[in-house]
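S.K.:
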Amino acid sequence: MAIKFEEVGHTYSLNTPFAFKALEGVNLEIEPHKITAIIGSTGSGKSTLIQHLNALLLPTAGKVTIEDKVIIANEKPKKLKALREKVGLVFQFSEAQLFEETIIKDVMFGPKNFGKTSEEAKELAKQALELVGIEEDYYEQSPLELSGGQKRRVAIAGVLAANPSILVLDEPTAGLDPQGTYQMLQLFKDLNKERQMTILLVTHDIDHVLRYADNVVVMDHGQMIYHDDKYAFFENTELLNKLELVVPKVISMREALIDKGLNLSKKIYTMDELVEAIAKEINHG
Ligand SMILES: Nc1ncnc2c1ncn2[C@@H]1O[C@H](COP(=O)(O)OP(=O)(O)OP(=O)(O)O)[C@@H](O)[C@H]1O
Ligand SMILES: [Mg+2]
14 MAIKFEEVGH TYSLNTPFAF KALEGVNLEI EPHKITAIIG STGSGKSTLI
64 QHLNALLLPT AGKVTIEDKV IIANEKPKKL KALREKVGLV FQFSEAQLFE
114 ETIIKDVMFG PKNFGKTSEE AKELAKQALE LVGIEEDYYE QSPLELSGGQ
164 KRRVAIAGVL AANPSILVLD EPTAGLDPQG TYQMLQLFKD LNKERQMTIL
214 LVTHDIDHVL RYADNVVVMD HGQMIYHDDK YAFFENTELL NKLELVVPKV
264 ISMREALIDK GLNLSKKIYT MDELVEAIAK EINHG
């Protein structure tokens with residue numbers, strides 16, 4: 014058990030006239046070493062939910078467990094630094110958080126903050142920058158001189174440099190070009206595979222869910238209304254209709270072809286599999 018929410022609620026501006034219940038009664042257990050996509054319409058509580066994972070927000074009700082750390086509403090949390098070292102959180106529009114005068118210093122900040130020497134931090138920063146595809150020529154430049162997409166990469170490198178075991182990403186590819194988006198998501202997939210990182214990915218892109226996630230959590234008006242593996246999710250037509258989601262192209266094509274009488278497996282989820290199955294049908298038909 015890596016991450017568990019039990020009856021978690023979060024009310025912003027609690028005990029004021031502006032109190033707003035952004036989360037209520039959330040019970041959720043996240044599978045370790047998997048990629049879990051968190052979806053839901055704007056304002057449904059996705060960002061609020063994930064900020065509990067490194068105690069940036071504290072529950073105003075219930076209990077959050079992250080590996081051996083337990084955070085209980087109305088109790089002072091302990092060992093926050095250790096928790097934040099374990100859980101890397103990449104914010105929505107994370108590039109806005111860059112603040113050091115050079116890129117390398119910015120990425121070194123995390124590891125230094127968690128007790129690494131300057132030398133160790135620099136080595137970790139270099140490795141992380143290499144992972145996100147920022148070349149050495151840039152290291153001494155100001156982050157402010159970079160393009161939006163490059164800034165985002167530096168911000169993500171800053172989180173990766175601390176080598177977290179849980180990576181929480183709040184719409185990490187929003188606004189990136191298609192090539193940048195693909196590279197970034199592939200990097201997260203590789204980190205998940207090679208380092209067994211547990212990844213939570215907040216996204217509005219249903220194609221990304223199909224292609225990169227293992228499990229899906231749906232938030233709605235501050236409540237967790239669905240949690241299952243992605244295949245169960247994509248076969249749940251009733252839920253998809255209710256959520257007014259446009260199903261990924263490969264699934265709608267598969268269904269349309271089945272309607273037209275082709276004998277295709279319901280377990281087809283990629284374009285390659287679909288092409289293969291159609292070719293087989295044609296050749297045997
Ligand atoms: N600091 C805050 N103070 C008061 N209310 C807030 C605060 N942050 C968020 N909210 C409210 O809490 C609700 C959930 O917000 P949250 O940012 O978690 O949604 P989200 O699902 O991440 O949305 P989006 O997809 O637009 O990023 C919204 O109604 C929002 O207006
Ligand atoms: Mg959000």
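Mapped onto the numbering used here, the consecutive letters of the sequence shown carry residue numbers 14 to 298. Every residue, glycine too, gets a C-beta built ideally from N, C-alpha and C.
(1) Sorry if obvious, but does the Cβ on S155 come closer than 6 angstroms to a heavy atom of ligand 2?
(2) Ends of the beta strand (DSSP E) at G38?
(3) Measuring CB atoms only, is the stretch 97–113 touching the stretch 25–34, in the sense that at least three cross pairs come out at less than 8 angstroms?
(4) Once the 5 residues before and after N205 are set aside, which same chain residues still bring their CB inside 6 angstroms of it?
(5) Hey, could you find the ends of the beta strand (DSSP E) K129 is sitting in?
(6) Does the distance between the C-beta of K164 and the nearest non-hydrogen atom of ligand 1 fall short of 6 angstroms?
(7) Looking at A141: is its Cβ nearer than 7 angstroms to the Cβ of V120?
(8) Sorted by chain position, which residues of the same chain lie with C-beta nearer than 8 angstroms to I116's C-beta, five sequence neighbours on each side aside?
(9) Quick check: what's the CA-CA separation for I51 versus S178?
(10) In angstroms with no decimal places, state the Cα-to-Cα distance between K273 and K202.
(11) Around the Cβ of M284, are there at least 16 other Cβ atoms within 10 angstroms (buried) or fewer (exposed)?
(12) Can you determine whether any heavy atom of ligand 1 sits closer than 6 angstroms to the C-beta of A35, and answer yes or no?
(13) Less than 8 angstroms between the CB atoms is what I'm expecting for M266 and G58, so what's the real figure, rounded?
(14) Check whether chain D comes within 7 angstroms of I295, counting only Cβ atoms and requiring the distance to be less than that.
(15) Looking only at its chain, what residues have a beta carbon closer than 8 angstroms to the beta carbon of K135, apart from the 5 residues adjacent to it on each side?
(16) Just list the residues that DSSP pairs K17 with in beta bridges.
M.R.: Looking at the coordinates:
(1) No, since every heavy atom of ligand 2 falls outside the 6 angstroms radius drawn around the Cβ of S155.
(2) Boundaries of the beta strand (DSSP E) harbouring G38: 33–43, taken from the DSSP string.
(3) With fewer than three CB-CB distances shorter than 8 angstroms, the stretch 97–113 does not count as touching the stretch 25–34.
(4) Non-local C-beta neighbours of N205 in its own chain, meaning closer than 6 angstroms and more than five positions away in sequence, comprise I48, I212, ordered along the chain.
(5) No beta strand (DSSP E) holds K129; DSSP gives it neither H nor E.
(6) Within 6 angstroms of the C-beta of K164 there is not a single heavy atom belonging to ligand 1.
(7) The Cβ atoms of A141 and V120 lie closer than 7 angstroms to each other.
(8) Result list for I116: L142, I147, Y151, Y152, E153, Q154, S155, P156, L159, V167, in chain order.
(9) Taking the straight line joining both Cα atoms gives about 18 angstroms.
(10) Going by the C-alpha atoms only, they are around 35 angstroms apart.
(11) In summary, M284 is exposed, with fewer than 16 beta-carbon neighbours lying within 10 Å of its beta-carbon over all protein chains present.
(12) True, at least one ligand heavy atom lies under 6 angstroms from that Cβ.
(13) In fact, because the Cβ distance is near 33 angstroms, the residues do not count as touching under 8 angstroms.
(14) Of the protein chains in this structure there is only one, and it is not chain D.
(15) Counting only Cβ-Cβ distances below 8 angstroms, and skipping sequence neighbours, we find I117, M121.
(16) By DSSP's assignment, K17 forms a beta bridge with E42, T78.
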